[in-house]
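Visitor: One structure, as structure tokens, below. Some questions next.
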Amino acid sequence: VHLSIWELKEAEQVVGEALKYYADAGDKTHGVACALQTLAHILACRGSPDEALVASQKSVGIFREARDKYGEALAKASLFYQDLSSRFKIIEERPK
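Given below as structure tokens:
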């Protein structure tokens, strides 16, 4: 809900709580991977594409280890977006 109304700080806190709950429950795959995808989206919206890229990469790795081809494909699509955003940021920040 927070993300849909651009409450990015609150959304990031909720994802952090979700990641803690998944860790406490021993979930090392789907819950964590999906939460990382949400975190990547939040970070991208916040203007931190490099941090978003890291979260997306972790998510891809988790889905790959779980042999979840569908999840991995979705995570890779998001990873592509994060990588592209990160590259655009590099170009924009380059001295002229």
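All you need for the numbering used here is the position in the sequence shown, starting with 1, plus 1240. Ideal placement from N, C-alpha and C gives every residue a C-beta, glycine not left out.
Would you kindly work out how many angstroms separate the C-alpha atoms of Y1321 and A1265, rounded to a whole number?
Guide: Straight-line Cα distance between these residues: approximately 30 Å.
Visitor: Applying the criterion that 16 or more other CB atoms from any shown protein chain within 10 Å of the CB defines a buried residue, is E1312 buried or exposed?
Guide: By the neighbour-count rule (16 or more Cβ atoms within 10 Å), E1312 is buried.
Visitor: Tell me the start and end of each unbroken alpha helix (DSSP H) in the region 1254-1314 that is at least 4 residues and wholly inside, in chain order.
Guide: Qualifying alpha helix (DSSP H) stretches, in chain order: 1270-1285 and 1289-1305.
Visitor: Are I1302 and L1243 closer than 8 Å when you measure CB to CB?
Guide: Not in contact: I1302 and L1243 (Cβ atoms no closer than 8 Å).
Visitor: Tell me the rounded alpha-carbon separation between E1250 and P1289.
Guide: About 18 Å.
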